[in-house]
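Before any comments, here is the structure.
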Amino acid sequence: MSEREPILKVRDISVDFSIPAGGLFGGRKVLRAVKNVSFDLYQGETLGIVGESGCGKSTLSRAVIRMLEPTSGQSIWMGHDIQKMSVKELVALRKDIQMIFQDPLASLNPRMTAGAIIGEPLLIHYSEIGKVERLARVIAMMEKVGLTADMINRYPHEFSGGQCQRIGIARALITNPKLIVCDEAVSALDVSIRAQVINLLMDLQKELGISLLFISHDIAVVRHIAQRVMVLYFGEVVEMGDAEQVVMDPQHDYTKKLIASVPVPDPKVEMERRELRRRLRKAAA
Amino acid sequence: MAGLTGKDAVLTEYARKLETLDAPKGRSLTQDATRRMVRNKAAVVSVGVVLFIILFAFLGPYFLPWTYDKIDWSGIRKPPNFEAGHFAGTDQNGRDMLARIMQGTQMSLIVAMVATMVSVVIGVVYGAVAGYFGGRVDAVMMRFVDIMYALPYILFVIILVVIFGRNPVLLFVGIGCLEWLTMARIVRGQTLSIKEREFVEAARASGASSWAIIFRHIVPNLSGPVVIYATLTIPEIILTESFLSYLGLGVQEPQTSLGTLISFGAPVAETLPWMLIGPAVVLVSLLLCLTYIGDGLRDALDPKDR
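So the protein lines, in turn, are chains A and B. When we follow full-length UniProt numbering, the leftmost residue of the first sequence carries the number 1, and every step to the right adds one. When we follow full-length UniProt numbering, the leftmost residue of the second sequence carries the number 1, and every step to the right adds one.
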């Protein structure tokens, strides 16, 4: 990662939600879910976004790529502001920025076969290629993510969770995107499969030079996959920096708390952790 | 297209693989539902009976010596007489009852099919569009449905008949155009829940257009409630048609329908019972079977919702 222009520059993104203030005639009040977040993302890099549930991680990622409309701010994708793009430009953008979702099964249409699901982005962005080429690409991609070609006609409910997530990854990769937003992509998987899927993502990233925006509540996972980490707390960035550095030497109390909450399979370390957590609680009180 | 992924040379290899690929067909949700449906005895028997009634109505007339509009001057108001070929008797005008029942069943079935199809097509598209776009579009579209609901449909049919004359096709379309209201509401409700599912967001993230999402992702997932409601609409439409025919707004003589036959048979049930029993048996068994099929489909398509 040299000192090139970042492929994605995010400046002061804020998202407000209008929620009922309570009571029948209470009117509505504004909830600021994301507050003035800025970051850069370089090609081939992984930026981890961590924070507890409800802190605005998913909202931020969706606002950046305009899956929902932010209240203010810019996100500049290779020189063009995504927030100012027309519908047509946005459709073209979806080819370059894809997403992987949290729930592997729910993110696949139960009425479509694996082949149809993986091939759908091709149908949208490369409608001119024929059926044979599309299927050939689908099979190539399935093998790349560790599925076999004979699974092409199976339906999502016939796959395991890990296989479903591989289908999701194949779907995201088939248009050859430059950025993939992984929204809690491995949280719903159990530990052994989670490691497989993370390693698959890292291998594919190395091979294809994609950037990843990796959202997770689990700082241990983020440390493993990401070069840089952004810690979000109630919609605000409390800490951002090199992944190892943030984990080894956290500056903000909230980051310390997050790190202390990761379980360690070693009773001795766990005791020290408990001690640390107690101290942090006392400091906060 | 060339150079999209830079693997085009490799791709031909996969294309070749594709030709020899032996990919077993997966078990789709529809196949699952069919399997559950086949296990439901009442529903299977009902399907058989309905198929029999359809064959009876459409093929039966070819095996009868009398047609539905031919008058037998020697047999007026006669009970079943096998020698003369009147297996279910004759009516006041000397027309063969069995032939008339077959013709009436045909008419009722066609009305039901056409009207149901019209209502399914309009209702699904309308409901899915309202539900998917939401907000103001949804509010306007659904208020229109509310207004239509509030107007008595019989008024509509009378206006249609007055304007266009008594034409059975018009009647089918007219009934269908009114039956779609409930379908639209059901579909809208389902769409509201489906559009929040992750696979719809995934499709949006891949750049699919709103129409592609509605027709590729939402409508196929609606098939359960739609099929169930459609089967339950068929009996409703048959009854509506009977009612309209009873009022004289339905099919025209000498053509007939189950409703018309019953309305002629009811007043003379004591003296000429065969005029009522025949059409009544067909109508009741048809409605009963369709209800059982609807129930069976509901159980088969929504296994959780038993």
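Just so you know, even glycine gets a beta-carbon here, dropped at the ideal spot from N, CA and C.
heavy atom of the ligand FAD below 6 Å from residue i C-beta
i            : result
residue 77/B : Judged by which ligands are present, the structure shown has none, so any question about the ligand FAD falls away.
Own chain, CB closer than 7 Å to residue i, minus 5 neighbours either side, in chain order
i             : result
residue 19/B  : none
residue 141/A : 118, 170, 173, 174
residue 233/B : 116, 119, 179
residue 166/B : 252
residue 63/A  : 13, 15, 34, 70
residue 73/B  : 94
residue 305/B : Residue placement at residue 305/B cannot be trusted, given a pLDDT of 45 that sits under 50; what the coordinates show is reported in the next sentence. For residue 305/B, where only same-chain residues beyond five positions count, there are no Cβ hits under 7 Å.
residue 149/A : 139, 142, 143
Contacts of residue i in chain A (Cβ-Cβ under 7 Å)
i             : result
residue 199/B : 106, 107, 108, 109
residue 18/B  : 132, 135, 136, 139
residue 217/B : 109
residue 204/B : 67
residue 14/B  : 136, 139, 140
residue 220/B : 111
Neighbour list for residue i in chain B, Cβ cutoff strictly below 8 Å
i             : result
residue 155/A : 26, 27, 28, 29
residue 120/A : 203, 206, 208, 216
residue 103/A : 198
residue 98/A  : 205, 206
Buried versus exposed, by CB contacts within 10 Å (16 or more), residue i
i             : result
residue 115/B : buried
residue 190/B : buried
residue 63/B  : exposed
residue 266/B : exposed
residue 86/B  : buried
residue 28/A  : exposed
residue 215/A : buried
residue 150/B : exposed
residue 22/A  : exposed
residue 211/B : exposed
residue 46/B  : buried
residue 228/B : buried
residue 2/B   : Confidence in residue 2/B is poor, its pLDDT being 42 and thus under 50, which makes the residue's placement unreliable; the coordinate value appears in the next sentence. Looking at its Cβ environment, which holds fewer than 16 other Cβ atoms inside 10 Å, residue 2/B is exposed.
residue 146/B : exposed
residue 45/A  : buried
residue 174/B : buried
residue 229/A : buried
Alpha-carbon spacing of residue i relative to residue j, whole angstroms
i             : j             : result
residue 158/B : residue 59/B  : 33 Å
residue 264/B : residue 188/B : 41 Å
residue 135/A : residue 187/A : 30 Å
residue 244/B : residue 238/B : 10 Å
residue 192/A : residue 198/A : 10 Å
residue 241/B : residue 113/B : 12 Å
residue 148/B : residue 181/B : 8 Å
residue 125/B : residue 184/B : 8 Å
residue 152/A : residue 7/A   : 34 Å
residue 112/A : residue 300/B : 19 Å
residue 79/A  : residue 234/A : 29 Å
residue 49/A  : residue 111/B : 60 Å
residue 284/A : residue 277/A : 11 Å
residue 145/A : residue 127/A : 23 Å
residue 285/B : residue 105/B : 12 Å
residue 282/A : residue 249/A : 20 Å
residue 65/B  : residue 177/B : 38 Å
residue 88/A  : residue 24/A  : 41 Å
residue 254/B : residue 68/B  : 8 Å
residue 274/A : residue 65/A  : 39 Å
residue 13/B  : residue 209/A : 24 Å
residue 156/B : residue 163/B : 11 Å
residue 269/B : residue 96/B  : 17 Å
Spatial neighbours of residue i in its chain, beta-carbon cut-off 6 Å, leaving aside the 5 residues before and after
i             : result
residue 121/A : 174, 175
residue 185/A : 100
residue 102/B : 57, 60, 61
residue 141/B : 130
residue 98/A  : 172, 177, 180
residue 257/A : 280
Neighbourhood of residue i by C-beta, 8 Å cutoff - its chain only, sequence neighbours within 5 removed
i             : result
residue 208/B : 216, 217
residue 200/B : 194, 213, 217, 218
residue 264/A : 270, 273
Residues that residue i contacts on chain B, provided the C-beta gap is smaller than 7 Å
i            : result
residue 95/A : 207
Proximal chain A residues relative to residue i, where beta-carbon distance stays under 8 Å
i            : result
residue 11/B : 133, 136, 137, 140
Interface partners of residue i on chain A, CB under 9 Å
i            : result
residue 22/B : 150
residue 99/B : None at all; the shortest Cβ gap to chain A is about 45 Å.
Within chain D, the residues that residue i reaches when beta carbons sit closer than 8 Å
i             : result
residue 171/A : Although the question refers to chain D, the structure presented lacks it and instead comprises the protein chains A and B.
Proximal chain B residues relative to residue i, where beta-carbon distance stays under 9 Å
i             : result
residue 203/A : Ordered by position in chain B, no residue passes the 9 Å Cβ test against residue 203/A, which lies about 16 Å from the chain.
In chain order, each alpha helix (DSSP H) run of at least 4 residues that lies wholly inside the region 203–233 of chain A: 219–225
Taking only runs of the alpha helix (DSSP H) that begin and end inside the region 176–248 of chain B, which ones reach a length of at least 4 residues, in chain order? 198–205, 219–246
Which ranges would you report for the beta strand (DSSP E) in the region 56–130 of chain A if only whole runs of at least 3 residues count? 72–77, 97–100
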